[in-house]
Every structure is written in C-alpha cells, then in structure tokens.
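In the working numbering, the protein residues as written are 20 to 309.
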C-alpha cells in the first residue's frame, strides 16, 4: 500500500539541557520513515534545499522530479525544549510545495509553516479518498523575533477523513475546547477527530469518545512525536480498516518513540515495538457517549 505525505523536510536545532543538536526532521521525514517501518511505500510532496543532510536517504521514497531541490535552503527551526513545553522559532523558510497530480491509498497533509497554499491544499485533497490533516502549519504565525505562535484561523476542512490536533490547535481552529470543539469539527464532515493533550489521547467517532492514556514517562526530545503518531494511525487505518486499532497503534508508536530517549529521527520506533504497545492499549481503551 502507498501513503502520501505533504509537508516540508526541515533542519531542527534542538536545544535540550543547554546543549544544541542539529538534526534532520519535519513531518515529511518522520512520517515517511515511520511508514517505511510499517512496510508502506511513500510518495512525498515536499521541498528541501541542497543543505538538507538526508537527500540520499530520501531516494527510498517517490519524490517528483520537480520537487528534488529548492532554490532556497531547507526550512529550519530552533526548538527550545523543557519537558512537554517548547518554544519554536523559524530561522529559514524553503519554497512552497507544488501540486503533483498523483494517487495514493492515504494522504497526510501536515504543513510546518506556510508551505502549502490554499490552492495546492484544495488540489491535494483530490489525490486520495482517505485524507488525514495535522493543521499546525496552517495556524502558525511568527513574531518580529521569529517565534512561532498560533493564530485563530478558518481552514476548508471539506474532504478530510481524519484530523489530529492538540489543545491549543483545536482552540485556534474552533474557538472552543474539549468535547465541544471536537464535535464542531465532526459537524464539518470529519469522520475521525483526534485530540492529544499531553498524555491523554481522545478519538471522536459518531457519538462515542474513545480514549487512551500514555504512561507517565520522563520526556526527552518530543520533536516529531505527533508526526510518528499520524503516520502510524493512517497506515493502520488503511491496512486494518479499524479505527480502534489505529488509535492504539498510533498511541503505541508515540509511547515507543518517547521511551527510547533518542534524538530526532533516531526515535522512530520499529514495527514490533508499535505492535506490542498497541496490543496493550487495545485492552485499556475507555469510551463514553457524547
């Protein structure tokens, strides 16, 4: 099966315990390498510059020829980590992603900062019948000091199958919180609405709210955890056609990535760890009617 991912590759300068680590990242990389571990083929809709350190490794994925290299350098972030809190600064922005007419079994649209125009977003949604969106990059703005913040924004969510948001993002999208915010997104036609709030992960399907809770683990580098979650959820849904398994495997992937205490792309878990954790969560799912 084939998963499409539309997002920038990035170079992240992670500041952790007063030390700086420069690593390749971005949803394009975290999502693609996770999907590869789950035995999926990957189409990437992305942009990166000649400074990107993993150009050779990206040869494992299908990237259209006109997206191979940008005229400008790769999108770069500085990330200040403090447990689950972080400050994010954008230091460089690559060229926008161009539309490629293609077909995949599922497609994740997960911009990091203004790289997918409304026109390209609208066209990309025709590339698959199963579309998952992480809206973070549609909501992000920057201050005069280049620090990232979220701005209340309206997004055309027609044609979206799954949305994954955190507490701040869902408030920026809807002006609401919790169940009310999730139901408002559901009313816009989204079948699966996911809200992550630190350890707590909730999934709204029809009139049922399903939830799992990650164990209380001391956090190290959390960069890319959401991308690993999204890729695992999408791949599992496409393969198993079961949203509960998708939720549990995605939570299992996030847990495994946190537990290994590694930096950057090295934290991406193997399939066995995802499946072991996912089986545990499957027996621990809670649900309620909303």
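Ideal Cβ placement from N, Cα and C applies to all residues, glycine included. All values derive from a computational prediction rather than experimental measurement.
With fewer than 16 other beta carbons inside 10 angstroms of its own, residue 148 counts as exposed.
Going by beta carbons, residue 183 and residue 283 fall outside the 8 Å limit. Using a 10 angstroms sphere on the CB of residue 219, the tally of other CB atoms stays under 16, which defines it as exposed. Residue pairing of residue 108 in beta bridges, as defined by DSSP: 97, 166. Residue ranges of uninterrupted beta strand (DSSP E) with 3 or more members, entirely inside the segment 122 to 199 and ordered along the chain, are 125 to 128, 150 to 152, 159 to 161, 167 to 169, 181 to 185. Judged by DSSP in its simplified three-state form, residue 103 adopts coil rather than helix or strand. Separation of residue 35 and residue 243 (C-alpha to C-alpha, rounded to the nearest whole angstrom) is 15 Å.
Within a 10 Å sphere around the beta-carbon of residue 194 sit fewer than 16 other beta-carbons, which makes this residue exposed. Annotated three-state conformation of residue 274 is helix, per DSSP. Sequence-distant Cβ neighbours of residue 49 in its own chain, meaning closer than 6 Å and more than five residues away, are 243, 246, 247. Nearest C-alpha to residue 61 among 38, 122, 100, 109: 122.
In the structure shown, residue 281 adopts coil according to DSSP, grouped into three states.
Uninterrupted beta strand (DSSP E) stretches at least 3 residues long and entirely within the segment 206 to 289 occur at 211 to 216, 219 to 224, 227 to 232, given in chain order. Beta-bridge partners of residue 64 (DSSP): 25.
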